[in-house]
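Remarks on the structure that follows.
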Amino acid sequence: MAKTPTKAPSNPANGSKSVAPTDIVPADIGGESPAKAPPVPADAALSFSFAEPQAAGGDTHQVAGGDVATLTTQQGIPVADDQNSLKQGARGPALLEDFHFREKMFHFDHERIPERVVHARGYGAHGFFELTDSLADVSRADVFQRVGERTPAFVRFSTVAGSKGSSDLARDVRGFAVKLYTQEGNWDLVGNNIPVFFIQDAIKFPDLIHSAKPEPDRNFPQAQTAHDNFWDFISLSPESFHMIMWTMSDRAIPRSFRTMEGFGVHTFRLVDAEGKSTFVKFHWKPKQGLQSVAWNEAVKINGADPDFHRRDLWDAINSGDFPEWELGVQLFDDEFADSFDFDVLDATKLIPEELVPIRVVGRLVLDRVVDNFFAETEQVAFCTQNVPPGIDFSNDPLLQGRNFSYLDTQIKRLGGPNFTHIPINAPKCPMAHFQQDGHMAMTNPKGRVNYEPNSWGPIQGGPREDPARGFTSFAEVADGPKQRVRSESFADHYSQARQFFVSQTPIEQKHIGDALVFELSKVERPDIRSRTVSHLLNIDAGLAATVADGLGMPLPDAAVAARAPITDLPASDKLSIVKNGPDSFKGRKLGILLSDGADAAIVKALLKAVEAEGAVYEVIAPKIAGVTLSDGTTVAAKQKIDGGPSVLFDAVAIVVSEAGAALLSIDAAAKDFVTDAFAHCKFIGLTAEAEVIFAKAGIAGDLDDACLTLTGAKDADAFLTACRALRYWNRELEVDLDARPAG
Ligand code: HDE
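Encoded structure:
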């Protein structure tokens, strides 16, 4: 009878030979930017770690003295054999008595919790908020009082429509949810990367989301709005068209979470110690500048690296390149609200920065990745109702509805009322209340008294209300008949949609047209396509004509507008991505395609220039083991060419020898590498030898000003400087059929 191994077996059956670490010769140059020593988080004093053993038992696998801990059951019983279940004889039936097997399987069976009904796919990180300008003049909120003070933060970015396992580059709104653990309780600013929303009243949210999600009979398409149900709903809901302009723009395919803005969307209130209220809109402005990818590129990124955004955030933080945003506020009073062309309670409208300038009051820095995705990113529970004293709600009917929905959904998702006991959700300030019991209660009050008022005195009797420090709602006077109506002041649906469109650069306008044509081309019913275009006519006649032409359909009549659009709202530069890009290649990634025999001086100069720019690089090569350069230096590859397409990089350099180029020019993946980099308007650096690859790909004759020849080491700096422009969008007007005038 075969002896059962008791240790994890090496596998003699498959004959695999293990490679001793000494067999591997490290390359002279690594295949990617070298990892820096993990930096000390700037808020080290405030940082807290979920790796610390928690009340219910440590989650560390080490025991004192550094010995490896003994595997145990959840009850702490040491486990002797984790490879084999208990059987009656070696080939006999399994025994019910095997408590270790049953406990292990039971726990596994319950590993999943319901995914979020929207924003299921998300990625989070820790950091801090630092106040740089006191808001004490308008708010009593503790978090806004002391300049220089840091408040711990957790941020979760997300897509909206896709399931947890969907791809990062879906065309979609991005969630930008911020939890600040203030000294007066948690403040959750649960925003998006787009400052307006599709609908005006929360009662339409289930319909909007049903229409965007996979169609219920067939359960597809996944993470896409390009289908009949979505556009049917949208074309019957004119209020959505301002947001549609944003979601059809490149805002919906960001390059990185780090290159997106965030918005609180609704009008909130700040309230001072005297109870005076000031209206406020919250903005997060990325220090990294705004940047998006091209649609054709997004589609390909989804295949090449569905985790593109989460990997980007993980890598940036781990390499010490901490993403940072400024917190800006737009403050305004009743007088402005009354004079504004639109209703400040209508979440389909924004207030242009030119009208109410942004006051920067702080910065948000993400400097620590999670220890455990599930414990932190999956279990974090944002609730719009979480506001500390000094911040308050407006009557925006969307916000009012959200305040119900978020608490409600957490009970379903996290299983009970004690989700605030989970460390990621627990406030980091003192807490005292009489709420008790329920599923998974972790922090239970001690003592005899669990009610108030009580007469057990200040020590035994527990916490008391504090009328001065406690939260008081802004004493807004409200009156009116009880009715289901939409305010007349919400009736303008097109003016700001038009303002957004005219604020874009020509290439951004083209992308909006392209996106509409793409989405509507996936819609099967011509009447839905036509109805959608009928709304575009109220926004911009040129856009409507482009889309109708792209769909090959006649122009319909314009939709009947509830209120005639204002057509002369001035363009707002802040609404464009291209006009708000960075002026550096910092934080971006250069892909360097190498072959054996590539010019060592050029490669080394490129790496130096990348580092000087604060950018990163990855080497792509025919084989993952890497290449040997002209001077004998070996360079490791990060990507084999087939797994490292150019869509994963912000710019590319192709440094190859003549022999290497000859080999690569017959390789489909290498040809895709150059054609895609070209089609996506990237800056391309290439040695003269590389031209044969472009020739075989059919684009050698098209090389333009953004394709820079690298003749020697001296050209590396100039190439990296050129890359600061991020994309050479003019090229798209040459190479895209859709750039031709309508007709
Ligand atoms: Fe949400 N939304 N939402 N939403 N939302 C949720 O809460 C809801 C809206 C936003 O990373 C859910 O915990 C209603 C606007 C983000 O965990 C749910 C309405 C904005 C996240 C919910 C809206 C958002 C959510 C699902 C219309 C931008 C992800 C899971 C009235 C200002 C938070 C959850 C995270 C998540 C309801 C509209 C942003 C069901 C009813 C407008 C960033 O409660």
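Under my numbering, the first residue of the sequence shown is numbered 320, with each subsequent residue one higher. Here a beta-carbon is modelled for each residue, glycine too, at the ideal position from N, C-alpha and C.
Asked	Found
Integer Cβ distance of Asp918 from Thr1028, believed to fall under 8 angstroms	With a Cβ gap of about 12 angstroms, Asp918 and Thr1028 do not count as contacting.
Cβ pair Gly446, Ala413 closer than 8 angstroms	no
Boundaries (first-last residue) of the alpha helix (DSSP H) holding Asp565	Residue 565 is actually Trp in this sequence, not Asp. Residues 560-566.
Segment contact, 8 angstroms Cβ cut-off, at least three pairs: the stretch 706-723 with the stretch 778-791	yes
DSSP beta-bridge partners of Gln823	According to DSSP, Gln823 bridges with nothing at all.
8 angstroms Cβ cutoff met for Glu580 and His561	no
Proximity test, Thr728 beta-carbon vs the ligand HDE heavy atom, cut-off 7 angstroms	yes
Proximity winner among Val679, Thr597, Leu1052, relative to Ile826 (alpha-carbon distances)	Leu1052
Beta-carbon separation (whole angstroms), Ile572 vs Val612, contact threshold 8 angstroms	5 angstroms
C-beta contact flag for Val836 and Leu874 at 8 angstroms	no
Heavy atom of the ligand HDE within 7 angstroms of Asn714 beta-carbon	no
Within 8 angstroms, strictly: CB atoms of Thr913 and Ala940	The residue asked about is misnamed: residue 913 is Leu in this sequence, not Thr. Yes, the Cβ-Cβ distance between Leu913 and Ala940 is below 8 angstroms.
Inter-residue Cα distance where the pair is Glu558 and Phe517	7 angstroms
Beta-carbon proximity of Val479 to His529, cut-off 8 angstroms	no
From Ile1003, Thr762, Ile343, Ile921, residue whose alpha carbon lies closest to that of Pro742	Thr762
Ala1035 versus Ala970 - alpha carbon distance	13 angstroms
Identity of the residue in Asn857, Ser575, Glu673, Glu654 nearest His628 by Cα	Ser575
Three-state class that DSSP yields for Gly979 in the structure shown	helix
Whole-angstrom distance between Glu843 and Phe539, CA atom to CA atom	14 angstroms
Counterpart residues of Lys600 in DSSP-defined beta bridges	Gln649
Buried versus exposed, by CB contacts within 10 Å (16 or more), Ala332	Caution applies to Ala332, whose pLDDT of 40 falls short of 50 and renders its modelled position unreliable; the value that the coordinates give is listed next. The residue in question, Ala332, is exposed, as its Cβ has fewer than 16 Cβ neighbours within 10 Å.
Near the ligand HDE: Val509 beta-carbon under 7 angstroms from a heavy atom	yes
Buried versus exposed, by CB contacts within 10 Å (16 or more), Val956	Correcting the residue identity first, residue 956 is Ala in this sequence and not Val. Buried: at least 16 other Cβ atoms inside 10 Å.
The stretch 399-415 contacting the stretch 426-433, beta-carbon criterion three pairs below 8 angstroms	no
Local Cβ density within 10 Å of Arg475, reported as buried at 16 or more and exposed below that	buried
Any non-hydrogen atom of the ligand HDE within 7 angstroms of Val684 CB	no
Given 8 angstroms, three or more beta-carbon pairs between the stretch 645-662 and the stretch 675-695	yes
Counted within 10 angstroms of its Cβ, other Cβ atoms place Ser713 as buried (16 or more) or exposed	buried
Own chain, CB closer than 6 angstroms to Phe997, minus 5 neighbours either side, in chain order	Ile1018
Any non-hydrogen atom of the ligand HDE within 7 angstroms of Asp999 CB	Inspection of the sequence shows that residue 999 is occupied by His rather than by Asp. It does not: the Cβ of His999 is nowhere closer than 7 angstroms to a heavy atom of the ligand HDE.
heavy atom of the ligand HDE below 7 angstroms from Arg475 C-beta	yes
Contact under 8 angstroms by Cβ, Gly441 with Leu508	no
Limits of the beta strand (DSSP E) - the one that Ser477 falls within	469-478
Nearest candidate by alpha-carbon position, reference Ile921, set Ala635, Glu1008, Ala346	Glu1008
Length at least 3, wholly inside the stretch 382-461: the beta strand (DSSP E) runs in chain order	441-450
Between the CA atoms of Asn505 and Ser808 - distance to the nearest angstrom	33 angstroms
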